[in-house]
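Here is the structure we will look at, set down as structure tokens.
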Amino acid sequence: MKRLAAGALAVIAALAAVALCAPRSASSEPARRTPAAPSYELRLGMLTYQYYCQTCHGESGAGDGFNAFNLDPRPRDLSDPAFQKKKSDADLLDAIRRGGAGVGLSPLMPPWGRTLSAREIEQVAAYVRSLKRAG
């Protein structure tokens, strides 16, 4: 876990360095609004998701990760608007903590409650919410 935190700090430091070194344009174009940067908690959730979940659920949460094709049933599409609407935050937290078998779903999803802290589980759940695609 310390390696994950150190990696997160390295990523943030690299992004800050790139932002500080980026050339500024003096064009007469009006300034474009950039989307708000994700919160620190959301970025931590993303890093944890990438480390533990992305292999099966995929980068965008579509259930198309590298290992997804080896699993039956396939991992759930976390970006599906119907799934996002149907599942409460408590449902997501419970599924992450207890795993698929713990909530009556696929036993192939491991429980993360002994690996991740309660705060990390909340961060991952918040990140999963951010994966919702338009629909």
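When you read off a place in the sequence shown, starting at 1, and then add 2, the result is the number in my numbering.
Glycine residues also receive a C-beta, built at the ideal position from the N, C-alpha and C atoms.
{"Item": "Under three-state DSSP, which class holds R131?", "Value": "helix"}
{"Item": "Look at the alpha carbon of G115 and the alpha carbon of A127, and state the distance between them as a whole number of angstroms.", "Value": "13 Å"}
{"Item": "Please determine, among E43, D79, A38, T36, the residue with the shortest C-alpha to C-alpha distance to T57.", "Value": "D79"}
{"Item": "Do L110 and L2 have their beta-carbon atoms positioned less than 8 Å apart in this structure?", "Value": "Residue numbering for the chain in the displayed model covers 3 to 137; residue 2 lies beyond these limits and cannot be assessed."}
{"Item": "When the Cα atoms are used, what is the spatial distance from F85 to A103?", "Value": "18 Å"}
{"Item": "Could you pull out every residue in the same chain whose Cβ sits closer than 6 Å to the Cβ of M48, ignoring the five residues on either side in sequence?", "Value": "Y129"}
{"Item": "Under a Cβ-count criterion, where at least 16 other Cβ atoms within 10 Å of its own Cβ denotes burial, should G65 be classed as buried or exposed?", "Value": "buried"}
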